[in-house]
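2 protein chains.
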Amino acid sequence: MLPVTTQQKVIRLLGQNGHRLTSQKQTVLKILFEHDRSHLTVEEIYGYAKEESSRVSIATIYKTISFLEQENVLHKIRIDNKRNCYELIHPNEPEGHPHCICTKCCKTIGIVDESVIRMLSVCEQAIKVHYHFQINLQDILYYGLCEECRKKS
Amino acid sequence: MLPVTTQQKVIRLLGQNGHRLTSQKQTVLKILFEHDRSHLTVEEIYGYAKEESSRVSIATIYKTISFLEQENVLHKIRIDNKRNCYELIHPNEPEGHPHCICTKCCKTIGIVDESVIRMLSVCEQAIKVHYHFQINLQDILYYGLCEECRKKS
DNA sequence: TTCGATGCAAAAGGTTTGCATGGGT
DNA sequence: ACCCATGCAAACCTTTTGCATCGAA
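As they're listed, the protein sequences go chains A and B. Residue numbers for the first sequence follow the working numbering, beginning at 2 and rising by one. Residue numbers for the second sequence follow the working numbering, beginning at 2 and rising by one.
So this is what it looks like as structure tokens:
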């Protein structure tokens, strides 16, 4: 759960710089807060938004999501290459952290464990050295079986 | 460059199991062999194929690519989330190795260096331990600047 | 009252599909 | 001759866009 103070900060942010805090934006934010740590598709957000209030269009959902991405509230992850997924950014966690995706139940798990993150940054360093490539952004997905699904099978 | 013996093995493979080695399939394969180590989009393959012979349709390119994917000749990588890219699988190299993508010139570099690969598998191990997640497949992209583009800027 | 945000519907762009025809084997 | 593969065009699906209208500040 994103801390309430952070939530409020985000909400305030959206009404600034000539932007307007509309009910649609608030609805989308509410949904994102309620589904923190999940990885929602646009269609899912739209579905939840219609439950909240019928006055939403899919175009607005897309526009709002782009806006929230620009404002560093939301982060796009490409879990499959058909549709995009989004997750809330947690200010104190490494941005763009790796994800595990269960190929059976489709659950996604964000990898934020410090020791793992540290190891990955060692790999990054090695790539910089070996390939003379300056890494600015990483995008790491692991596919496999989560604990529950592995136990079942 | 994929070894010629491997190329021939692939070509032979395509005429087996009730499949037919058509000129279109051969054209696509020729293009893939010639652009080994690159990461071609479907549109690019289609473009090259039309140069080779005018008798190709985009639908056939898609169908051929799916077929080659199933046959473990080709591997899909999602470099951007608009269109898919493909690269030849090299039997003796780790499948699904990481890629560096230059955000300036769009060049992609496959990471096959053994020491880096070894480090990454240590990370995998750590994830298995910390998250009780069984990793079957990895999909790792690094975005940044390649050597040439970094020198230029 | 102003002007950014919304809703609608159409467009865009990549990919898939159905079906008659072509061409390997 | 058989029947898989191809080409065409239409369908699909997600995402984007243009524009008139709405509504937050």
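Idealized CB from N, CA, C, for every residue including glycine. If you're wondering where the values come from, they're calculated on a predicted model, not measured in any experiment.
What Ala127(B) touches in chain A, judged by beta-carbon distance under 7 angstroms, is Ser116, Val117, Met120, going in chain order. Taking a C-beta distance under 8 angstroms as the contact criterion, Asp81(B) and Leu142(A) do not qualify as a contact pair. Between Leu33(B) and Leu89(B), the C-beta spacing is below 8 angstroms. Within the DSSP secondary-structure output, Asp140(B) pairs in a beta bridge with Leu142(A). Under the three-state reduction of DSSP, Gln9(B) is assigned to helix.
In its chain, beyond the 5 residues on either side, Gln25, Thr28, Tyr47, Ala50, Lys51 have a beta carbon closer than 8 angstroms to the beta carbon of Val57(A).
Within the stretch 131 to 143 of chain A, the residues whose Cβ lies closer than 9 angstroms to any Cβ of chain B are, in chain order, His131, Tyr132, His133, Phe134, Gln135, Ile136, Asn137, Leu138, Gln139, Asp140, Ile141, Leu142, Tyr143.
The three-state secondary structure of Leu3(A), taken from DSSP, is coil. In the assembly as shown, Pro4(A) is an exposed residue. Its beta-carbon has fewer than 16 other beta-carbons within 10 Å. Neighbours of Ile110(A) in chain B, taken as residues whose beta carbon is under 8 angstroms from its own, are Tyr132, Phe134 in chain order. Arg79(A) belongs to the set of residues whose beta carbon lies under 8 angstroms from a beta carbon in chain B. Just measuring C-alpha positions, the residue of Ala60(B), Lys105(B), Gln71(B) sitting nearest Lys152(B) is Lys105(B). Ranked by how close their Cα comes to the Cα of Asn93(B), the residues Asp114(B), Arg79(B), Cys86(B) have Asp114(B) in first place.
By the neighbour-count criterion, in which a residue is buried when 16 or more other Cβ atoms sit within 10 angstroms of its Cβ, Val130(A) is exposed. Straight-line measurement puts the Cα of Thr65(B) at about 39 angstroms from the Cα of Leu69(A). Residue pairing by DSSP places Ile102(B) opposite Thr109(B), Tyr144(B) in a beta bridge.
In this structure, the straight-line span from the alpha carbon of Ile112(B) to that of Arg119(B) is close to 11 angstroms. When the five nearest sequence neighbours on each side are left out, the beta carbons in the same chain lying within less than 7 angstroms of the beta carbon of Leu41(B) are those of Cys86, Tyr87, in order along the chain.
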